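Here's the structure, in structure tokens; my notes come after.
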Amino acid sequence: MVGSAGAGAWGYAQLAQADSVMPTHSMPQNYQVAARDSGLLRANLGQLAAKVGELQARVIEMNGVSKRVAQAAGVSYTDPEVQASLEEGVHVLDEPGGLAVPYESAETLGRELDLLERRLAMQRDSFAMLDLVMTKRAGIEASMPSYSPVNYPYLSSSYGWRRHPISGRHTMHEGLDFAAPHGAPIYAASGGVVTLSGNQPGYGKTIEIQHGHGLVTRYAHASQLGVKVGDLVEKGQKIGKVGSTGRSTGPHLHFEVRIGGHPLDPRLFLSQPEVEKTLVASADDDVKNVRSQVR
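Sequential numbering from 15 applies to the sequence shown in the working numbering.
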């Protein structure tokens, strides 16, 4: 629509230019034709001017929508050229009187239509970019391991440096230990693909789930594995049972979250506030560690 309108504006400009250079001796016999053509040009030029106004309003509206969507998505949105169009706004006014439409008016309309076409194309690209960003963000949020892997929120050991309960040495504990009874259900913290289901040195019966974006969760010391490699699981789906296999002093679930192979504190992802609580036994161990250091 915009392209045809621009072509029409160019045609009107050529006709107007031809009228402006018409020999003066032919004016009397061509007066009526020129007057009629001038009237048609004025009417059509007025329609084109109205179309330009509509497109300008549409660009402004789309720009406002883009900014609101970007703000909601937390994305920086700046478009200097579109912003400039909000302040410019070419207003084509039809001057009363005269037989011919000024060439500059038709030419200005053609240029403005071309400019609006480019700006609308830029707006379409902006919307496509915002749609991609929001779709990707929604996918990332959906893959976050926010579901508690057991219904027992108390922790027997937190993430971080600790004295190992078996070796007695200070080592980095790369996950959370949830105290839970033997046989309690283990749930997938988020949806994904099972990449490991079997015995692992030290971890005993272990399940690993790949959630995308380099995100992996690990569930260790299980008594029973309910999924196999390649299975698709949903967030909250039962995948096994709590046990004490591997290097363990009692029934519990060892839960890890890794991104790109690097461990992270699972409490950064879990939504349940109860996960912040720990057993009194864990607190006693911390107190003992402090006492041993100050003696």
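Positions of the beta carbon are idealized from the N, C-alpha and C atoms, including for glycine.
Note that the coordinates shown come from a computational prediction; the quantities given were computed from them, not determined experimentally.
Hey, residue i and residue j are a contact pair by Cβ (cut 8 Å); roughly how many whole angstroms apart?
| i | j | result |
| --- | --- | --- |
| A193 | S160 | No, A193 and S160 are not in contact; Cβ-Cβ is about 21 Å, not under 8 Å. |
| R281 | Y166 | With a Cβ gap of about 15 Å, R281 and Y166 do not count as contacting. |
| V208 | G250 | Contact flag wrong, Cβ pair sits at about 15 Å. |
At the level of alpha carbons, what is the spacing between residue i and residue j?
| i | j | result |
| --- | --- | --- |
| S171 | R183 | 15 Å |
| R138 | H196 | 57 Å |
| G212 | I154 | 28 Å |
| V66 | V79 | 20 Å |
| G206 | R72 | 42 Å |
| L267 | T149 | 33 Å |
| G240 | R176 | 31 Å |
| Q61 | Q224 | 59 Å |
| K252 | L210 | 15 Å |
| P110 | R56 | At P110, the pLDDT of 39 sits below 50, so the modelled position is not reliable and the matter cannot be decided from this model. |
| S216 | L144 | In the sequence as displayed, the identity of residue 216 is Gly instead of Ser. Taking the straight line joining both Cα atoms gives about 46 Å. |
| R133 | L59 | 22 Å |
| A198 | I74 | 58 Å |
| D279 | K242 | 26 Å |
What are the partner residues of residue i, as DSSP defines its beta bridges?
| i | result |
| --- | --- |
| N213 | K219 |
| R132 | BP columns for R132 are empty, so no partner. |
| T185 | R176 |
| H276 | I273 |
| T231 | I223 and V271 |
| L239 | G254 |
| Y201 | K252 |
Alpha carbons only, please: which of the options is nearest the one belonging to residue i?
| i | options | result |
| --- | --- | --- |
| E270 | T263, T220 and R151 | T220 |
| R179 | K81, T263 and S157 | A small fix is needed here, since residue 179 is Pro in this sequence, not Arg. When only C-alpha atoms are compared, the closest one is T263. |
| M158 | Y173, M148 and L229 | L229 |
| A234 | D145, L144 and P163 | P163 |
| L284 | Y201, L129, F141 and R56 | Y201 |
| A152 | D128, W175 and G226 | G226 |
| D128 | G274, G216, Q70 and R272 | Q70 |
| K81 | N58, F141, V247 and E68 | F141 |
Between residue i and the rest of its own chain, which residues show a CB-CB distance below 6 Å, the 5 nearest in sequence each way excluded?
| i | result |
| --- | --- |
| R232 | E222 and E270 |
| Q238 | G254 and K255 |
| E188 | E270 and P277 |
| A156 | none |
| R272 | V230 |
| T185 | H178 |
So, at 8 Å on beta carbons, what are the nonlocal neighbours of residue i in its own chain, with the 5 sequence-adjacent residues on each side left out?
| i | result |
| --- | --- |
| A135 | none |
| G218 | A234, H235, A236, G257, S258, T259, G260, R261 and S262 |
| G274 | G228 |
| E248 | A202 and G205 |
| Q214 | T220, A234 and G260 |
Ignore the nearest five residues each way along the sequence and tell me which others in residue i's own chain have a CB closer than 7 Å to its CB.
| i | result |
| --- | --- |
| P265 | A194, P195, H196, V256, G257 and S258 |
| L246 | V207 |
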